[in-house]
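Here the structure comes first, spelled out in structure tokens, and everything after it is commentary.
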Amino acid sequence: MQKSFIKGIVIAVGGFVFLNCSSVNKVKSKSDVPSLKEAFKSDFFIGTALNTAQIEEKVPGAAVLVPKQFNAVTPENIMKAEVIHPEWNRYNFELSDKLVAYAKKNKIVVNAHTLIWHSQLPQFVRRIKDADSVRMFFNEHITTIASRYDGQVYSWDVVNEALNEDGTMRRSIFLDKLGDDFVVEAFRLAQKAAPNTKLYYNDYNIEQPKKRAGAIALIKKIQAAGVRIDGVGIQGHWHINHLPLKDIEESILEFSALGIDVMFTELDLSVLPNPRDIVGADVNQRAAYEAKLNPYTAGLPDSVQTQLAKSYEDVFRLFLKHKDKISRITFWGVDDGQSWLNGFPVRGRTNYPLLFDKEFKPKPAFYSVIALKSKGK
Ligand code: 9MR
């Protein structure tokens, strides 16, 4: 009787110890995954782009990961004109209000994207023929949206992708109907509507010399007009085989010499073969699917995984070198499964461009970035 009582206690205590150990282990293994936003908290914001399901917290993996890893979010699509302003007299603020509430709840800043962009325009704008109506849309769109979220969002990409690769102004409905000054005018309107929000110009490939010179001229023009511009976003859609480190460093120096913040706003590193050497993010550039363009459907080989980790390490080492000039690094997506690069420039591929895999697990690239801080490399 006594024996079995003691045995019972031993089992109970053993069970308690076992349970405790396993729950400690669980807690430990969770907290063992370091946090990007913690690691870089004295350097720059660490952001991610969120899609609709993630904003609505319908993706359990993202709902757990995002508040732990990131302190800045950019809406991947829901603040673009075709979603937020579908008809002349109708705005749809449902999802952007949700985003703002989600960010507030999780103490995350919102980098709103984007007020003026030639792409993803609503049908009614694409049908407009006369300049006065374009001007009316332009004024009302910027004023209504920017004032609604003033002080609620941290920043706006006021104008997105207004430049060609050679640094000249890209042809668009805005350039055609409003003329060269439309970028200055967009910032002027945004400044009036959103005095408490930072205002940025955002583009891809502006680390490249010719396009960079165009961006610098554009920013100087805004400044010369006495209009506020607080920063420039270099998107950062690059490839592990062509990481333009020298151009990136020169851009950080040249843009920050204009007295504005420099950000990397849509960072991802493609690992897939690049048909026709497409560089950047012009969504009109497409190529047809071929199996040889999609080699890693069954997983990423170790050698490529290592190359990805090394590329991320190299670029983050550069970011840290210039942390006094850089205010934010945002990844274009939370996990590989979400990335637009599974569909661009070839539809239906399996790409691996981010720090978390499609199961939301940190990849070797995540650890190589974190190690730059933990080992003080
Ligand atoms: O990631 C976005 C994708 O879901 C959209 O289909 C696409 C439509 O144009 O836009 C993507 O995001 C773009 C961003 O808004 C601006 N820079 C380039 C990004 C990748 O195309």
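full-length UniProt numbering applies: residue 1 is where the sequence shown begins, and numbers increase by one. Virtual Cβ for every residue (Gly too), placed ideally from N, Cα, C.
Measuring only from the beta carbon, is residue i closer than 7 Å to any heavy atom that is part of the ligand 9MR?
| i | result |
| --- | --- |
| W156 | no |
| W238 | no |
| F344 | yes |
| Y200 | no |
| S270 | no |
| Q223 | no |
| S172 | no |
| Q235 | yes |
| H113 | yes |
| E165 | no |
| N106 | no |
| E313 | no |
| N205 | no |
| E266 | yes |
| Q307 | no |
| N160 | yes |
| Q191 | no |
| S35 | no |
| S96 | no |
Which whole-angstrom value is the C-beta distance of residue i and residue j, which I expect to be below 8 Å?
| i | j | result |
| --- | --- | --- |
| V83 | N89 | Their Cβ separation, rounded to whole angstroms, is 16 Å, which puts V83 and N89 out of contact at 8 Å. |
| S42 | A112 | 25 Å between Cβ atoms; not a contact. |
| residue 390 | Q208 | One cannot answer for residue 390 here, as it falls past the ends of the chain, which runs 1 to 377. |
| N202 | D157 | 4 Å |
| residue 382 | R170 | Past the boundaries of the shown model lies residue 382; the chain is included only from 1 to 377, so the question cannot be answered. |
| E87 | F44 | Not a contact, Cβ separation roughly 38 Å. |
Please classify residue i as buried or exposed, where buried requires at least 16 other C-beta atoms within 10 Å of its C-beta.
| i | result |
| --- | --- |
| P353 | buried |
| G348 | exposed |
| H85 | buried |
| K80 | buried |
| L372 | buried |
| K363 | buried |
| V369 | buried |
| Y204 | buried |
| Q235 | buried |
| A365 | buried |
| L189 | buried |
| S29 | Low local confidence applies: a pLDDT of 48 at S29 is under 50, so the model's placement there is unreliable, with the coordinate-based value given in what follows. Answer is exposed; the Cβ neighbour count stays below 16. |
| M263 | buried |
| Q120 | exposed |
| S374 | exposed |
| T297 | exposed |
| P75 | buried |
| L328 | It should be pointed out that residue 328 corresponds to Arg in this sequence rather than to Leu. Buried is the call here. |
So that I know if they touch, is there some Cβ in chain C lying closer than 8 Å to that of residue i?
| i | result |
| --- | --- |
| E165 | The structure shown has no chain C; it contains just one protein chain. |
Which runs of the beta strand (DSSP E) spanning at least 3 residues fall entirely within the segment 84-131, listed in chain order? Fully enclosed beta strand (DSSP E) runs of 3 or longer: 109-117.
Whole runs of the beta strand (DSSP E) within the segment 281-354, excluding any shorter than 3 residues: Annotation note: the segment 281-354 contains the following uninterrupted beta strand (DSSP E) runs of length 3 or greater, listed N- to C-terminal: 326-331.
At which residue ranges does the segment 160-214 contain complete alpha helix (DSSP H) runs of 4 or more residues, listed in the order of the chain? Taking only runs of at least 4 residues, the alpha helix (DSSP H) segments lying wholly in the segment 160-214 are 173-178, 182-193.
Ordered list of alpha helix (DSSP H) runs contained in the segment 214-281, each at least 4 residues: Every alpha helix (DSSP H) of 4 residues or more that sits fully in the segment 214-281 is shown, in chain order, as 245-256.
Give, in chain order, every unbroken run of the beta strand (DSSP E) that is at least 3 residues long and sits entirely within the segment 51-90. The qualifying runs are 72-75.
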